[in-house]
Each structure stands twice: as C-alpha cells, then as structure tokens.
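Colleague: Residue numbers (our numbering): 1 to 257.
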Amino acid sequence: MIDLHCHLLPDWDDGPDTWEEVDRMIALAAEDGIEAICITPHYLRFSRHGNDPDTLRSKFEEFFERYKEEKRISFYRGAEVFIHPDIIKHIKMESLGLNGSEYVFVEFPSDQVPAGTKDLFYRMMLDGLTPVISHPERNTVFGGQPELLYDLVCRGCLAQVTAMSLTGEFGAVVYKRAELFLKNNLVQFIATDAHDSQKRKPVLSKAVKVAAALTGKEKAGAMVDDIPLAILNNEIIPDWGSPLRPDKARKKFFFKK
Ligand SMILES: [Fe+2]
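Take a look at the structure:
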C-alpha cells in the first residue's frame, strides 16, 4: 500500500516531535503493510519555523539521510499546502508537488471553502498543477454542500479521503460524508494523514476494509495502490468512475394547500 499523506518530519508542524516518534510511526506503517510514504509537512500553516524553505529542505535531507537504509518503506517528498492567494508561487518556488509531480495537496480551513477557490484552482490548472483537496469530508462546507466538491472534481481536481474518517474514528458525521463522497466517486484515494504513533497513526488497512464493503474490493485496493502510484509517477490516474452528483443535502419543505 502507498500512503500519500503523512506528517513524518519531526519538529516542523503538528506531527512528530522527535526522531524516536518517527521511528515508531515508521514501524507501525510497515507493520500495516505500507510500502511507500509521501511525506507531507504542512506548508503555510502550523509550521514552527515560519515556513522557511531552507529549514524544510534541510529537514528533508536529514530525514532521507537517516532512513537511507530503511528497507521496508520507500519515502517521497511532498507537502500539504494551505489554501492561499499566492499558493502557485509557493508551489513552484519550493517544488511542493507530491514527489515533484503536478499533483499538489491543498488544505482548507475546516469550516470554509473560500469564495475564490474555483478561480484559484483554474489558475493552478492553467499553470500545469492538479489540486488535490485534503480530506474534504472533514470540512463542514463540503459536508453540507457536497455539490461544491462535485463541481470541483468535475473540473479536474482530485480529493483524498482520510483513513480514520472511513473507520469512524472522527465520528459518525464525518464517516457519513466519507461514505457519500466515496460512493459518488468524489474522492480518488485513501491516505492516513498520520501525525503520531498514538492518536493519528499511519494505518491504512482498516479503512481499506471499510472501503471494500462500500465500493468493492478491487476499487478499494486501487485507492491505496494503483491510484497513488500514478500520482507519484506523475501519470493520469486510472479511471474508477466518473463523479456522480450527490443528492442535495437540503431540507425539503412541504406546503399545505
Ligand atoms: Fe495533513
């Protein structure tokens, strides 16, 4: 399995504090059957070092040096970039795509989808980038108006569902959104978004079982294998179904005559 979303750089964001914790996370991931991890530190949010690109670069260098003998898992460089009017400049200057590809994680505030998102994504695509929305099921606006996500995915962006959302570990509301998005082909792959070895672990297998029950074993497998692999290789992702417009989650009003 491939995990494209994992906070594994120590002392950079709200992920692990120490190398010992990184060791524990890697051990858990390997035990779960994860063979590749794209390391995705927060960028433009949660950084303890003011998003300093030189610090980020040296942390990645230290990571790759430290784990060059690691046989169980291969590591790739990525980022999770907070939505920002200047996002394209940062992505290009700091090469923030997943494994240097055109695919870039875009993180939203948990309670907003900024008004200019559609235009911003259009500009990103004109610049050769494909926005990948991090865990839309954890966003209250996408949750209440799934047609917004449908619209963005129809326009060419991708979206990632978090493993713990599918296992119900973020609660029933988030689970229901994850289920809806999965069944409507609005999310294309599953990732852990792990932050530590205790509460936000790098574990995919449990979510794959849930996804298999919802969408079939083959597609669930592709969501942690063929699809993330295509992204790492900067290829067009395999087609596992066109986005379906979700029923509007609106209240219906009945008027008495
Ligand atoms: Fe994340």
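C-beta: ideal position from N, C-alpha, C; glycine also.
Check the DSSP bridge columns for residue 87 and list the partner residues they point to.
Modeller: Counting from 1 along the sequence shown, the entry for residue 87 is found at position 87. DSSP, once it has assigned bridges, lists no residue as partnering residue 87.
Colleague: DSSP state of residue 218, grouped into three classes?
Modeller: As a first step, residue 218 must be located in the sequence shown, where it is residue number 218. Residue state, collapsed to three classes: helix.
Colleague: Please report the Cβ distance between residue 30 and residue 2, rounded to the nearest whole angstrom; I am assuming they are in contact, meaning their Cβ atoms lie under 8 angstroms.
Modeller: One-based indexing of the sequence shown puts residue 30 at position 30. One-based indexing of the sequence shown puts residue 2 at position 2. Not really, about 13 angstroms apart at Cβ, beyond 8 angstroms.
Colleague: Counting pairs of Cβ atoms below 8 angstroms between the stretch 100-118 and the stretch 51-64, do you hit three or more?
Modeller: Touching, no, given that fewer than three Cβ pairs across the two stretches are closer than 8 angstroms.
Colleague: Whole angstroms is fine: what's the gap from residue 242's alpha carbon to residue 182's?
Modeller: By one-based count along the sequence shown, residue 242 stands at place 242. By one-based count along the sequence shown, residue 182 stands at place 182. If I take the Cα positions, the gap works out to 11 angstroms.
Colleague: Who does residue 103 pair with in a DSSP beta bridge?
Modeller: Start at 1 with the first residue of the sequence shown, and residue 103 comes out as number 103. DSSP output for residue 103 lists 130 as bridge partner(s).
Colleague: Could you say which of 247, 66, 24 lies nearest to residue 149 if we only look at CA atoms?
Modeller: As a position in the sequence shown, residue 149 is number 149, starting the count at 1. Of 247, 66, 24, the residue nearest in Cα terms is 247.
Colleague: Near residue 67, which residues of its chain fall below 7 angstroms by C-beta distance, leaving aside the five closest residues on each side in sequence?
Modeller: Your numbering for residue 67 matches position 67 in the sequence shown. Counting only Cβ-Cβ distances below 7 angstroms, and skipping sequence neighbours, we find 75.
Colleague: Residue 8 and residue 228: beta carbons closer than 9 angstroms?
Modeller: The sequence position of residue 8 within the sequence shown is 8, counting from 1. The sequence position of residue 228 within the sequence shown is 228, counting from 1. No, the Cβ-Cβ distance between residue 8 and residue 228 is not below 9 angstroms.
Colleague: Nearest-angstrom Cα distance between residue 55 and residue 216?
Modeller: In the sequence shown, counting from the first residue as 1, residue 55 sits at position 55. In the sequence shown, counting from the first residue as 1, residue 216 sits at position 216. Near 43 angstroms, if we compare the C-alpha coordinates of residue 216 and residue 55.
Colleague: Does residue 38 pass the burial test, meaning 16 or more other C-beta atoms within 10 Å, or should it be called exposed?
Modeller: Within the sequence shown, residue 38 is the residue found at index 38, counting from 1. Residue 38 is buried by the Cβ-count criterion.
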